[in-house]
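For reference, the structure discussed in these notes is given below.
Numbering (my numbering), first residue to last: 78 to 182.
Dropping the structure here:
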């Protein structure tokens, strides 16, 4: 994996681990510096940039799915409202026809 990351680039220096506490702290400092150097490599920066792009693309896709779901719900509610309105109009016409026929009698 590291060979792929370091293709054409210099890998960080290797560590010598010691058992003395101050040497361990120095090794930890070296590890921290090497990690910082690693994340500054162009190939790693490119991978991180692609990951951000991928993450943003995924977030955008999820928002689009959410918007489509909301639009579907709105259309469903509109369809129900239209059906209720049509039913109401039919009932109203039937009631008007009934009252008109009663007035003639």
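All C-beta atoms in this analysis are idealised placements derived from N, C-alpha and C, irrespective of residue type, glycine included.
Where residue i sits in the DSSP three-state scheme
| i | result |
| --- | --- |
| residue 118 | coil |
Proximity test, residue i beta-carbon vs the ligand SAM heavy atom, cut-off 6 Å
| i | result |
| --- | --- |
| residue 100 | Because no ligand of any kind appears in the structure shown, any question about the ligand SAM cannot be addressed here. |
Close Cβ partners of residue i (< 7 Å) along its chain, the five nearest in sequence each way excluded
| i | result |
| --- | --- |
| residue 174 | none |
Cβ neighbour criterion (16 or more within 10 Å) applied to residue i
| i | result |
| --- | --- |
| residue 164 | exposed |
Close-in-space but distant-in-sequence residues of the same chain around residue i (CB under 6 Å, 5 per side omitted)
| i | result |
| --- | --- |
| residue 153 | none |
| residue 132 | none |
| residue 169 | none |
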